[in-house]
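Peer 1: Using full-length UniProt numbering, read the sequence shown as starting at 1 and increasing by one per residue. Positions of the beta carbon are idealized from the N, C-alpha and C atoms, including for glycine.
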Amino acid sequence: MPKTKSTPDLVFLTATLVLLAIGLIMVYSASAVWASYKFDDAFFFAKRQLLFAGIGVVAMFFVMNVEYWTWRTWSKVGVLICFILLVLVLIPGIGLVRGGARSWLGVGAFSIQPSEFTKLAMIAFLAKYLSENQKRITSFKKGLVPSLGIVFIAFAMIMLQPDLGTGAVMVGTCVMMIFISGARISHFVWLGMIGLAGFAGLILSAPYRIARITSYLDPWSDPLGSGFQIIQSLYAIGPGGLMGLGLGQSRQKFYYLPEPQTDFIFAILSEELGFIGGTFVILLFSLLLWRGIRIALRAPDLFGSLLAVGIIGMLAIQVMINIGVVTGLMPVTGITLPFLSYGGSSLTLMLVAMGVLLNISRYAKF
(Lines of atoms letter the chains of each structure in order from A; the text may use other names.)
(Lines give C-alpha, C1' and ligand atoms only; values in the text may rest on other atoms or scores of the structure.)
Protein backbone atom coordinates (compact mmCIF):
# COMPACT_ATOMS: atom_id res chain seq x y z
CA MET A 1 0.00 0.00 0.00
CA PRO A 2 1.24 3.53 -0.80
CA LYS A 3 2.79 5.39 2.11
CA THR A 4 3.55 8.86 0.78
CA LYS A 5 0.60 11.22 1.16
CA SER A 6 0.45 14.75 -0.22
CA THR A 7 -2.17 17.43 -0.71
CA PRO A 8 -5.10 16.51 -2.97
CA ASP A 9 -5.37 17.84 -6.52
CA LEU A 10 -6.47 21.40 -5.74
CA VAL A 11 -7.30 22.17 -9.38
CA PHE A 12 -9.69 19.21 -9.47
CA LEU A 13 -11.20 20.21 -6.12
CA THR A 14 -11.67 23.84 -7.17
CA ALA A 15 -13.33 22.90 -10.47
CA THR A 16 -15.70 20.57 -8.60
CA LEU A 17 -16.74 23.26 -6.12
CA VAL A 18 -17.18 25.88 -8.88
CA LEU A 19 -19.47 23.51 -10.81
CA LEU A 20 -21.40 22.83 -7.62
CA ALA A 21 -21.85 26.56 -6.98
CA ILE A 22 -23.06 27.11 -10.55
CA GLY A 23 -25.45 24.21 -10.10
CA LEU A 24 -26.99 25.66 -6.94
CA ILE A 25 -27.55 29.02 -8.64
CA MET A 26 -29.03 27.42 -11.75
CA VAL A 27 -31.32 25.06 -9.81
CA TYR A 28 -32.88 28.07 -8.12
CA SER A 29 -33.09 30.07 -11.36
CA ALA A 30 -34.58 27.17 -13.34
CA SER A 31 -37.02 25.98 -10.68
CA ALA A 32 -38.27 29.19 -9.02
CA VAL A 33 -41.33 29.62 -11.24
CA TRP A 34 -42.44 25.99 -11.05
CA ALA A 35 -41.69 25.79 -7.31
CA SER A 36 -43.76 28.92 -6.65
CA TYR A 37 -46.69 27.47 -8.58
CA LYS A 38 -46.57 23.95 -7.16
CA PHE A 39 -45.34 24.52 -3.59
CA ASP A 40 -45.89 28.26 -3.06
CA ASP A 41 -42.17 28.51 -2.30
CA ALA A 42 -39.72 29.73 -4.94
CA PHE A 43 -36.83 28.22 -2.98
CA PHE A 44 -38.39 24.74 -2.57
CA PHE A 45 -36.00 22.91 -4.91
CA ALA A 46 -33.06 25.20 -4.19
CA LYS A 47 -33.25 24.56 -0.44
CA ARG A 48 -33.29 20.81 -0.93
CA GLN A 49 -30.42 20.97 -3.40
CA LEU A 50 -28.45 23.10 -0.95
CA LEU A 51 -29.09 20.55 1.80
CA PHE A 52 -27.86 17.65 -0.34
CA ALA A 53 -24.94 19.74 -1.56
CA GLY A 54 -23.95 20.34 2.06
CA ILE A 55 -24.23 16.63 2.87
CA GLY A 56 -22.31 15.78 -0.29
CA VAL A 57 -19.48 18.23 0.38
CA VAL A 58 -19.06 16.96 3.94
CA ALA A 59 -19.05 13.39 2.58
CA MET A 60 -16.55 14.36 -0.13
CA PHE A 61 -14.07 15.84 2.36
CA PHE A 62 -14.54 12.84 4.67
CA VAL A 63 -13.97 10.33 1.86
CA MET A 64 -11.00 12.39 0.64
CA ASN A 65 -9.27 11.41 3.87
CA VAL A 66 -10.19 7.71 3.70
CA GLU A 67 -7.43 5.68 2.03
CA TYR A 68 -8.76 4.61 -1.35
CA TRP A 69 -7.68 0.97 -0.93
CA THR A 70 -10.32 0.73 1.83
CA TRP A 71 -12.88 0.54 -0.99
CA ARG A 72 -11.17 -2.62 -2.23
CA THR A 73 -11.78 -4.28 1.14
CA TRP A 74 -15.45 -3.29 1.30
CA SER A 75 -16.33 -3.50 -2.40
CA LYS A 76 -18.13 -6.86 -2.14
CA VAL A 77 -20.18 -5.66 0.82
CA GLY A 78 -21.04 -2.47 -1.07
CA VAL A 79 -22.30 -4.39 -4.11
CA LEU A 80 -24.33 -6.75 -1.89
CA ILE A 81 -25.99 -3.83 -0.07
CA CYS A 82 -26.81 -2.15 -3.39
CA PHE A 83 -28.31 -5.37 -4.75
CA ILE A 84 -30.52 -5.68 -1.67
CA LEU A 85 -31.68 -2.08 -2.11
CA LEU A 86 -32.40 -2.72 -5.80
CA VAL A 87 -34.63 -5.63 -4.78
CA LEU A 88 -36.41 -3.54 -2.13
CA VAL A 89 -37.14 -0.86 -4.72
CA LEU A 90 -39.20 -3.37 -6.72
CA ILE A 91 -41.48 -4.26 -3.78
CA PRO A 92 -44.80 -2.36 -3.90
CA GLY A 93 -45.27 -0.24 -0.81
CA ILE A 94 -41.52 0.14 -0.35
CA GLY A 95 -40.32 1.38 -3.73
CA LEU A 96 -41.68 4.71 -4.95
CA VAL A 97 -42.91 5.19 -8.52
CA ARG A 98 -42.01 8.44 -10.29
CA GLY A 99 -42.26 9.10 -13.99
CA GLY A 100 -43.27 5.50 -14.62
CA ALA A 101 -40.17 4.02 -12.96
CA ARG A 102 -39.98 2.33 -9.56
CA SER A 103 -36.49 3.64 -8.75
CA TRP A 104 -36.72 5.31 -5.33
CA LEU A 105 -36.84 4.35 -1.68
CA GLY A 106 -38.59 6.80 0.63
CA VAL A 107 -36.69 8.06 3.67
CA GLY A 108 -38.90 10.44 5.63
CA ALA A 109 -39.64 13.50 3.50
CA PHE A 110 -36.83 12.55 1.14
CA SER A 111 -35.98 9.61 -1.08
CA ILE A 112 -32.87 7.91 -2.41
CA GLN A 113 -32.20 6.21 -5.72
CA PRO A 114 -30.24 2.97 -5.12
CA SER A 115 -29.29 2.62 -8.79
CA GLU A 116 -27.14 5.77 -8.47
CA PHE A 117 -25.08 4.26 -5.66
CA THR A 118 -24.89 0.95 -7.52
CA LYS A 119 -22.78 2.68 -10.19
CA LEU A 120 -20.03 3.57 -7.71
CA ALA A 121 -20.24 0.19 -5.96
CA MET A 122 -19.79 -1.61 -9.29
CA ILE A 123 -16.81 0.59 -10.19
CA ALA A 124 -15.07 -0.28 -6.89
CA PHE A 125 -15.91 -3.99 -7.21
CA LEU A 126 -14.73 -4.18 -10.81
CA ALA A 127 -11.52 -2.28 -10.02
CA LYS A 128 -10.77 -4.89 -7.34
CA TYR A 129 -11.59 -7.84 -9.60
CA LEU A 130 -9.64 -6.55 -12.59
CA SER A 131 -6.59 -5.57 -10.54
CA GLU A 132 -6.47 -9.05 -9.00
CA ASN A 133 -7.16 -10.94 -12.24
CA GLN A 134 -5.38 -8.87 -14.86
CA LYS A 135 -3.67 -11.90 -16.41
CA ARG A 136 -7.02 -13.63 -16.90
CA ILE A 137 -8.78 -10.72 -18.61
CA THR A 138 -7.44 -11.78 -22.02
CA SER A 139 -9.31 -15.08 -21.60
CA PHE A 140 -12.94 -14.95 -22.69
CA LYS A 141 -14.19 -17.64 -20.27
CA LYS A 142 -11.93 -17.02 -17.26
CA GLY A 143 -11.67 -13.25 -17.38
CA LEU A 144 -14.18 -11.44 -19.56
CA VAL A 145 -17.32 -13.49 -18.86
CA PRO A 146 -17.07 -13.34 -15.03
CA SER A 147 -16.39 -9.58 -15.03
CA LEU A 148 -19.22 -8.83 -17.43
CA GLY A 149 -21.53 -11.28 -15.68
CA ILE A 150 -21.80 -9.27 -12.47
CA VAL A 151 -22.21 -6.07 -14.51
CA PHE A 152 -25.16 -7.41 -16.44
CA ILE A 153 -26.80 -8.83 -13.31
CA ALA A 154 -26.76 -5.29 -11.91
CA PHE A 155 -27.99 -3.94 -15.26
CA ALA A 156 -30.88 -6.42 -15.32
CA MET A 157 -31.95 -5.40 -11.81
CA ILE A 158 -31.86 -1.72 -12.77
CA MET A 159 -33.86 -2.45 -15.93
CA LEU A 160 -36.63 -4.04 -13.86
CA GLN A 161 -37.41 -0.56 -12.51
CA PRO A 162 -36.95 0.34 -15.48
CA ASP A 163 -34.10 2.89 -15.75
CA LEU A 164 -32.29 2.49 -19.06
CA GLY A 165 -30.30 5.72 -18.68
CA THR A 166 -28.64 4.84 -15.38
CA GLY A 167 -28.10 1.26 -16.52
CA ALA A 168 -26.47 2.41 -19.74
CA VAL A 169 -24.08 4.71 -17.87
CA MET A 170 -23.09 1.89 -15.52
CA VAL A 171 -22.54 -0.62 -18.33
CA GLY A 172 -20.63 1.92 -20.44
CA THR A 173 -18.35 2.76 -17.51
CA CYS A 174 -17.69 -0.87 -16.62
CA VAL A 175 -17.04 -1.92 -20.22
CA MET A 176 -14.53 0.94 -20.53
CA MET A 177 -12.75 -0.27 -17.39
CA ILE A 178 -12.59 -3.83 -18.71
CA PHE A 179 -11.25 -2.67 -22.06
CA ILE A 180 -8.56 -0.49 -20.47
CA SER A 181 -7.49 -3.34 -18.19
CA GLY A 182 -6.37 -5.33 -21.24
CA ALA A 183 -9.31 -7.26 -22.68
CA ARG A 184 -8.99 -8.30 -26.31
CA ILE A 185 -10.58 -6.13 -28.97
CA SER A 186 -11.82 -9.21 -30.86
CA HIS A 187 -13.91 -10.21 -27.84
CA PHE A 188 -15.46 -6.76 -27.71
CA VAL A 189 -16.39 -6.89 -31.39
CA TRP A 190 -18.56 -9.96 -30.89
CA LEU A 191 -19.96 -8.74 -27.59
CA GLY A 192 -20.62 -5.35 -29.15
CA MET A 193 -22.74 -6.93 -31.87
CA ILE A 194 -24.69 -8.89 -29.27
CA GLY A 195 -25.00 -5.79 -27.11
CA LEU A 196 -26.37 -3.70 -29.98
CA ALA A 197 -28.94 -6.37 -30.73
CA GLY A 198 -29.94 -6.48 -27.07
CA PHE A 199 -30.10 -2.70 -26.87
CA ALA A 200 -32.33 -2.62 -29.94
CA GLY A 201 -34.54 -5.24 -28.31
CA LEU A 202 -34.88 -3.11 -25.16
CA ILE A 203 -35.92 -0.14 -27.27
CA LEU A 204 -38.43 -2.13 -29.30
CA SER A 205 -39.90 -3.70 -26.16
CA ALA A 206 -41.16 -0.35 -24.83
CA PRO A 207 -43.33 1.96 -26.96
CA TYR A 208 -42.13 5.08 -25.13
CA ARG A 209 -38.51 4.27 -26.08
CA ILE A 210 -39.51 3.90 -29.73
CA ALA A 211 -41.22 7.28 -29.46
CA ARG A 212 -38.01 8.79 -28.11
CA ILE A 213 -36.03 7.47 -31.08
CA THR A 214 -38.67 8.78 -33.49
CA SER A 215 -38.68 12.18 -31.82
CA TYR A 216 -34.88 12.25 -31.95
CA LEU A 217 -34.93 11.71 -35.71
CA ASP A 218 -37.80 14.16 -36.25
CA PRO A 219 -39.10 15.92 -33.12
CA TRP A 220 -41.63 17.85 -35.24
CA SER A 221 -43.42 14.62 -36.12
CA ASP A 222 -45.01 14.82 -32.66
CA PRO A 223 -44.37 18.38 -31.37
CA LEU A 224 -46.89 18.13 -28.52
CA GLY A 225 -45.92 14.61 -27.49
CA SER A 226 -42.59 12.79 -27.65
CA GLY A 227 -40.86 15.68 -29.41
CA PHE A 228 -42.05 18.36 -26.98
CA GLN A 229 -39.08 18.35 -24.60
CA ILE A 230 -36.35 18.55 -27.22
CA ILE A 231 -38.18 21.26 -29.18
CA GLN A 232 -38.60 23.38 -26.04
CA SER A 233 -34.96 22.71 -25.14
CA LEU A 234 -33.80 24.01 -28.52
CA TYR A 235 -36.12 26.99 -28.14
CA ALA A 236 -34.22 27.77 -24.93
CA ILE A 237 -30.72 27.32 -26.33
CA GLY A 238 -31.29 29.25 -29.58
CA PRO A 239 -32.35 32.66 -28.16
CA GLY A 240 -29.50 32.53 -25.66
CA GLY A 241 -27.09 33.63 -28.35
CA LEU A 242 -23.58 34.62 -27.34
CA MET A 243 -24.22 36.34 -23.99
CA GLY A 244 -27.61 34.92 -22.98
CA LEU A 245 -30.78 36.66 -21.83
CA GLY A 246 -29.34 37.23 -18.36
CA LEU A 247 -29.37 35.19 -15.15
CA GLY A 248 -32.96 34.55 -14.08
CA GLN A 249 -34.40 35.80 -17.39
CA SER A 250 -35.25 32.46 -19.02
CA ARG A 251 -38.58 32.32 -20.84
CA GLN A 252 -38.73 28.55 -21.27
CA LYS A 253 -38.89 27.93 -17.53
CA PHE A 254 -42.35 29.51 -17.54
CA TYR A 255 -44.10 26.14 -17.95
CA TYR A 256 -42.73 25.46 -21.46
CA LEU A 257 -39.82 23.15 -20.66
CA PRO A 258 -41.08 20.47 -18.22
CA GLU A 259 -39.21 20.44 -14.88
CA PRO A 260 -36.27 22.46 -16.22
CA GLN A 261 -34.24 22.02 -13.01
CA THR A 262 -33.52 18.35 -13.70
CA ASP A 263 -32.26 16.72 -16.91
CA PHE A 264 -32.64 19.85 -19.09
CA ILE A 265 -31.00 22.38 -16.80
CA PHE A 266 -28.21 22.93 -19.34
CA ALA A 267 -30.83 24.33 -21.75
CA ILE A 268 -31.86 26.96 -19.18
CA LEU A 269 -28.22 27.73 -18.41
CA SER A 270 -27.55 28.26 -22.14
CA GLU A 271 -30.63 30.45 -22.48
CA GLU A 272 -29.67 32.67 -19.55
CA LEU A 273 -25.86 32.68 -19.85
CA GLY A 274 -25.56 32.09 -23.57
CA PHE A 275 -22.84 30.36 -25.56
CA ILE A 276 -20.18 31.79 -23.27
CA GLY A 277 -21.82 30.38 -20.13
CA GLY A 278 -22.43 26.98 -21.69
CA THR A 279 -18.87 26.81 -23.00
CA PHE A 280 -17.49 27.77 -19.60
CA VAL A 281 -19.36 24.87 -17.96
CA ILE A 282 -18.15 22.44 -20.64
CA LEU A 283 -14.58 23.66 -20.13
CA LEU A 284 -14.91 23.03 -16.39
CA PHE A 285 -16.05 19.47 -17.09
CA SER A 286 -13.15 19.09 -19.54
CA LEU A 287 -10.78 20.28 -16.82
CA LEU A 288 -12.16 17.63 -14.46
CA LEU A 289 -11.73 15.00 -17.17
CA TRP A 290 -8.11 15.99 -17.83
CA ARG A 291 -7.18 16.07 -14.15
CA GLY A 292 -9.01 12.78 -13.55
CA ILE A 293 -7.13 11.03 -16.36
CA ARG A 294 -3.89 12.52 -15.00
CA ILE A 295 -4.65 11.07 -11.57
CA ALA A 296 -5.49 7.67 -13.08
CA LEU A 297 -2.24 7.54 -15.09
CA ARG A 298 -0.14 8.38 -12.05
CA ALA A 299 -1.94 6.33 -9.42
CA PRO A 300 0.47 4.21 -7.35
CA ASP A 301 -1.18 0.86 -8.10
CA LEU A 302 -3.48 -0.82 -10.60
CA PHE A 303 -6.50 -0.78 -8.30
CA GLY A 304 -6.19 2.97 -7.77
CA SER A 305 -5.73 3.55 -11.49
CA LEU A 306 -8.80 1.49 -12.47
CA LEU A 307 -10.88 3.07 -9.70
CA ALA A 308 -9.96 6.54 -10.97
CA VAL A 309 -10.67 5.54 -14.58
CA GLY A 310 -14.11 4.24 -13.60
CA ILE A 311 -15.06 7.37 -11.67
CA ILE A 312 -13.90 9.86 -14.29
CA GLY A 313 -15.40 7.68 -17.02
CA MET A 314 -18.78 7.69 -15.26
CA LEU A 315 -18.63 11.49 -15.03
CA ALA A 316 -17.64 11.89 -18.69
CA ILE A 317 -20.35 9.53 -19.97
CA GLN A 318 -23.07 11.31 -18.00
CA VAL A 319 -21.96 14.73 -19.19
CA MET A 320 -21.79 13.66 -22.85
CA ILE A 321 -25.19 11.97 -22.77
CA ASN A 322 -26.93 14.81 -20.92
CA ILE A 323 -25.57 17.62 -23.10
CA GLY A 324 -26.08 15.46 -26.19
CA VAL A 325 -29.76 15.01 -25.28
CA VAL A 326 -30.31 18.69 -24.45
CA THR A 327 -28.78 19.82 -27.75
CA GLY A 328 -30.67 17.23 -29.82
CA LEU A 329 -27.63 15.14 -30.68
CA MET A 330 -28.92 12.08 -28.81
CA PRO A 331 -32.36 10.60 -28.02
CA VAL A 332 -33.99 11.76 -24.79
CA THR A 333 -33.07 9.71 -21.72
CA GLY A 334 -33.21 10.44 -18.01
CA ILE A 335 -29.57 11.26 -17.27
CA THR A 336 -28.73 14.12 -14.91
CA LEU A 337 -25.94 16.63 -15.53
CA PRO A 338 -23.43 16.09 -12.70
CA PHE A 339 -23.33 18.86 -10.05
CA LEU A 340 -25.91 20.96 -11.93
CA SER A 341 -29.15 18.98 -12.18
CA TYR A 342 -31.53 18.82 -9.23
CA GLY A 343 -31.43 15.47 -7.48
CA GLY A 344 -30.18 14.43 -4.06
CA SER A 345 -28.98 10.89 -4.80
CA SER A 346 -27.09 11.78 -7.98
CA LEU A 347 -25.47 14.86 -6.43
CA THR A 348 -24.41 13.09 -3.23
CA LEU A 349 -23.09 10.08 -5.15
CA MET A 350 -21.05 12.23 -7.51
CA LEU A 351 -19.50 14.26 -4.68
CA VAL A 352 -18.58 11.06 -2.83
CA ALA A 353 -16.99 9.76 -6.04
CA MET A 354 -15.00 12.98 -6.35
CA GLY A 355 -13.80 12.44 -2.77
CA VAL A 356 -12.49 8.99 -3.71
CA LEU A 357 -10.68 10.45 -6.72
CA LEU A 358 -9.20 13.23 -4.61
CA ASN A 359 -7.83 10.67 -2.15
CA ILE A 360 -6.17 8.78 -5.01
CA SER A 361 -4.59 12.08 -6.08
CA ARG A 362 -2.98 12.35 -2.63
CA TYR A 363 -0.93 9.25 -3.40
CA ALA A 364 -0.41 9.81 -7.13
CA LYS A 365 3.16 10.12 -8.35
CA PHE A 366 3.32 13.53 -10.04
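Name, in chain order, the residues that DSSP records as bridge partners for Arg102.
Peer 2: DSSP lists Val97 as partners of Arg102.
Peer 1: To the nearest angstrom, how far is the alpha carbon of Tyr37 from that of Phe12?
Peer 2: Approximately 38 Å, taken between the alpha carbons.
Peer 1: Within its chain, find whatever has a CB closer than 6 Å to the CB of Phe44; leave out the 5 residues flanking it on each side and keep chain order.
Peer 2: Within the same chain, Phe44 has close Cβ partners Ala35.
Peer 1: Once the 5 residues before and after Gly324 are set aside, which same chain residues still bring their CB inside 8 Å of it?
Peer 2: So the list reads Met330, once near-sequence residues are dropped.
Peer 1: Quick one: what's got a C-beta closer than 7 Å to Pro219's C-beta in the same chain, skipping five residues either side?
Peer 2: Here the set comprises Gly227, Ile230, Ile231.
Peer 1: With 16 other CB atoms within 10 Å as the buried threshold, where does Pro258 fall?
Peer 2: It counts as exposed.
Peer 1: Only counting the same chain, and skipping five residues up and downstream in sequence, which positions put a Cβ closer than 8 Å to that of Met177?
Peer 2: Cβ neighbours of Met177 beyond the five flanking positions: Ile123, Leu126, Ala127, Leu130, Leu306, Val309, Gly310, Gly313.
Peer 1: What do you get for Glu116, buried or exposed, if any count of 16 or more other CB atoms within 10 angstroms of its CB means buried?
Peer 2: Glu116 should be labelled buried.
Peer 1: Going by the beta-carbon positions, is the gap between Val319 and Gly56 smaller than 8 Å?
Peer 2: Contact: no.
Peer 1: Pull up the distance between the alpha-carbon of Leu347 and that of Val189, whole angstroms please.
Peer 2: The alpha-carbon atoms of Leu347 and Val189 are separated by roughly 34 Å.
Peer 1: Could you give the DSSP three-state label for Pro146: helix, strand or coil?
Peer 2: Of the three classes helix, strand and coil, the one that applies to Pro146 here is helix, per DSSP.
Peer 1: Between which two residues does the alpha helix (DSSP H) harbouring Phe268 extend?
Peer 2: According to the sequence as given, residue 268 is Ile; it is not Phe. Its alpha helix (DSSP H) spans residues 265 to 297.
Peer 1: Alpha carbon to alpha carbon, how far is Tyr256 from Gly241?
Peer 2: Their backbone Cα atoms lie some 19 Å apart in a straight line.
Peer 1: Using 8 Å as the cut-off, can you tell me whether the region 278 to 287 makes contact with the region 295 to 302, which would need three or more C-beta pairs spanning the two stretches below that distance?
Peer 2: No: the two stretches stay apart, fewer than three of their Cβ pairs being nearer than 8 Å.
Peer 1: For Gly155, count neighbouring Cβ atoms within 10 angstroms of its own Cβ and tell me buried if that reaches 16, exposed if not.
Peer 2: Just to set this straight, residue 155 is Phe in the shown sequence, not Gly. That one is buried.
Peer 1: Between Leu80 and Gln49, which are expected to be in contact by the criterion C-beta below 8 Å, what is the C-beta distance as a whole number of angstroms?
Peer 2: The Cβ separation is near 30 Å, so there is no contact.
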